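Let me begin by presenting the structure, written as structure tokens, before commenting on it.
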Amino acid sequence: QEKDRFRQKNEANFQANLRSAKASSLLTPLVEFFFLLAIVVVLWYGGREVILGKLTVGELIAFFGYIAMITAPITRMTQQFSLFQQSFAAADRVFEILDQEPEIKEAPGAIVLPKIRGEVVFSGVSFAYPKGKVVLSDINLHIQPGEIVALVGPSGAGKTSLVNLIPRFYDPLAGSIFIDGHDIRRIRLSSLREQIGLVPQDPILFGVSIRENISYGRVGATEEEIIAAAKAANAHDFIMKFPNGYETILGERGLTVSGGERQRIAVARALLRNPAILILDEATSALDVKSEQLVQEALERLMKGRTAFIIAHRLSTIQFADRVVVLDQGRIVEEGAHSELLARDGLYRRLYDRWLKDTKKRGDRGG
């Protein structure tokens with residue numbers, strides 16, 4: 142489906158550029174033709190008038206000058222025509238975005254969510270992406286305030302889909318989700334998302350200063366609060382190694398810093414926002430051992446006293462979770478503490494054994 146949409150957009154863009162090229166290739170020689178035709182006509186008619194004594198040579202030359210004066214701006218206009226075509230195509234894309242109706246809409250009379258404790262309840266939740274198969278089926282979960290819940294399962298089990306329902310990136314097909322007893326579909330979106338922090342595997346950083354990246358989403362944060370958040374996220378030391386410290390400008394998407402440093406900036410951002418609910422989606426899966434340790438320490442500080450959902454392929458990062466929820470093919474197949482699930486010899490145990498095997502292989506190659 143996404144490939145088809147991508148092909149359609151590419152085809153539309155190609156056709157717009159093709160029309161622009163055709164128009165440009167036609168107009169330029171057309172203008173030059175009429176320019177030469179005008180010279181021939183003036184030379185023929187004006188020359189005859191000069192011979193008959195009705196026109197002076199100076200007046201004839203003046204006519205040639207007038208033709209040149211008229212032709213020059215017309216030629217420039219044709220050269221700009223392709224730019225106008227591209228501008229119209231770009232404007233169409235901008236207006237298409239502006240006219241786009243949001244898929245997630247607030248209910249009439251949606252409430253502002255007060256400061257929450259962090260209780261989250263999934264009641265009979267099922268979900269499917271548009272024109273896709275069902276990825277979550279009849280999910281029932283009750284997470285207490287301050288509880289750390291690890292979501293584990295094979296790739297495609299529905300872990301990320303599950304947590305994406307909490308901030309209403311999508312709405313479920315069936316069932317309801319409650320936060321502190323409030324149905325999230327009855328809460329204003331801005332009010333809901335203000336109290337949820339997200340640390341993804343590939344955090345979005347902007348081409349502005351580190352200070353602005355950390356304070357993004359928390360307008361009016363003081364310098365002291367920003368530095369305190371960075372210290373708690375194990376980010377302060379590497380930030381101060383830059384000549385401009387917190388005023389260092391990051392490249393687009395934070396390409397001027399390493400993956401571990403990007404993650405720590407993202408953790409600092411989440412700490413500064415002080416959310417009641419945290420979503421950590423594969424937050425350490427792409428890091429080396431040293432970076433993972435620094436980020437893990439920062440995440441432990443971040444999760445303290447907050448309701449947290451952790452998604453990780455590295456099972457070592459979720460052993461301290463209060464509860465582990467194992468998903469497979471969109472359903473909860475196991476639930477309990479880490480040690481309990483290991484003793485059951487089910488899917489979690491098989492995933493854990495596979496992780497230990499992969500870790501040993503990496504260690505052997507590294508040694």
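Each residue of the sequence shown is one higher than the one before, counting from 142 in the working numbering.
Ideal Cβ placement from N, Cα and C applies to all residues, glycine included.
Quantities reported herein were computed from a predicted structural model and do not represent experimental measurements.
* **the stretch 293 to 304 contacting the stretch 243 to 260, beta-carbon criterion three pairs below 8 Å** => no
* **Collapsed DSSP secondary structure at Val398 in the structure displayed** => coil
* Between Gly477 and chain D, is there a C-beta pair that is closer than 8 Å? -> Of the protein chains in this structure there is only one, and it is not chain D.
* **Runs of beta strand (DSSP E) wholly within the stretch 294 to 370 (minimum 3 residues, chain order)** => 315 to 320, 337 to 341
* Asked: What residues in its chain sit with their C-beta under 7 Å from that of Asp321, if we drop five residues either side in the sequence?
  -> Ile257, Arg258, Glu260
* Asked: Do Ala371 and Ala409 have their C-beta atoms closer together than 8 Å?
  -> yes
* What residues in its chain sit with their C-beta under 7 Å from that of Ile355, if we drop five residues either side in the sequence? -> Ile367, Ala370, Ala371, Ile406, Ala409, Arg410, Leu413
* Assigned exposure category for Asp422 - 16 Cβ within 10 Å defines buried -> buried
* Could you tell me the distance, in whole angstroms, from the CA atom of Arg394 to the CA atom of Ile180? => A direct Cα-to-Cα measurement between Arg394 and Ile180 gives close to 57 Å.
* What number of angstroms, rounded off, separates the C-alpha of Ala478 from the C-alpha of Gln437? -> Cα-Cα distance, rounded: 20 Å.
* **Three-state secondary structure assigned by DSSP to Asp279** => Taken through DSSP and simplified to helix, strand or coil, Asp279 comes out as strand.
* Nearest candidate by alpha-carbon position, reference Ile208, set Ile192, Phe174, Ser228, Leu483 -> Phe174
* To do: Kindly indicate which three-state DSSP category Asp522 falls into: helix, strand or coil?
  => Shown here, the chain extends from 142 to 508; a query on residue 522 therefore has no answer.
* Any idea what DSSP makes of Thr448, helix, strand or coil? -> strand
* Helix, strand or coil: how does DSSP classify Asn158 here? -> helix
* **Nearest neighbour of Glu475, chosen from Asn281, Ala231, Arg189 [CA to CA]** => Asn281
* Start-end ranges of the beta strand (DSSP E) lying completely within the stretch 206 to 276, minimum 3 residues -> 261 to 269
* In the structure shown, what three-state DSSP assignment does Glu476 receive? -> strand
* In the DSSP assignment, find the unbroken beta strand (DSSP E) run with Leu421 in it and report its ends. => 418 to 422 is the extent of the beta strand (DSSP E) around Leu421.
* Could you check the C-alpha separation between Pro313 and Val266 for me, to the nearest Å? => 6 Å
* Asked: Counting along the chain, where does the beta strand (DSSP E) carrying Asp469 start and finish?
  -> 464 to 469
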